[in-house]
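Each residue of the sequence shown is one higher than the one before, starting from 0 at the first, in numbering that gives the first Met the number 0. Where is the CB? At the ideal position from N, CA and C, for every residue including glycine. Because the structure is a prediction, the values reported are computed rather than measured. See structure below.
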Amino acid sequence: MRYIFIFLFFLNFSFKVYSITLEEVINIAKLYNPVLKQKKIDIEIQKTKEKQNKAKKFGQIEIFGVYNRYEDKRILYPISPPLNPSNLVGAENQIIGGISYSIPLFTGFKIKNNIEISKLGKKLKEIQYKLSKNQIIYNIRNIYIKILSLEKQKIAICPNFFALFC
């Protein structure tokens, strides 16, 4: 009796594990489909490109630096000749650093056109994402309907099959 109860207990849960609704299948497909994940990543890439193109309007800052070390002191030449040549200043280390800022004044509307192109690219990726999602949903529903129709055909054929061969 105890084994029958355990068997019925597991049998009860086994039927619940294999039953799934159409909406659950669609939600699972939307969550775990690699094509949809790739399309989402493509949308994020296009958003980043759009931000990069918008940032190009504000110019570019470059920081640079050079460090040289010499074994002997190098003479730092003054603009005018010194009064006493023995008082020339020298240095073993030479450090050059700076900051430059370049701004695009006129680029032939290249930056504006690139911004528009990146906006259109983002819209295109969003449309491709929606299209892929709808195609996946259509395919799932189509397969689900085919499975249901095949089950109905199986039920309809079983009495005829037994009548022919039994």
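{"Check": "Close-in-space but distant-in-sequence residues of the same chain around N52 (CB under 6 Å, 5 per side omitted)", "Outcome": "N113, I114 and S117"}
{"Check": "Simplified DSSP assignment, three categories, for S99", "Outcome": "strand"}
{"Check": "Distance CB(I42)-CB(K129) smaller than 8 Å", "Outcome": "no"}
{"Check": "Backbone CA spacing between G64 and G96 [nearest angstrom]", "Outcome": "4 Å"}
{"Check": "Beta-carbon spacing of S101, Q127 below 8 Å", "Outcome": "no"}
{"Check": "Beta-bridge partners of F63, as assigned by DSSP", "Outcome": "G97"}
{"Check": "Simplified DSSP assignment, three categories, for K32", "Outcome": "The sequence as given places Asn at residue 32; Lys does not occur at that position. DSSP places N32 in coil when its eight states are reduced to three."}
{"Check": "Alpha carbon of L21 to alpha carbon of E61, nearest angstrom", "Outcome": "56 Å"}
{"Check": "Proximity below 8 Å, CB of G120 to CB of Q37", "Outcome": "no"}
{"Check": "Where K121 falls: helix, strand or coil (DSSP)", "Outcome": "helix"}
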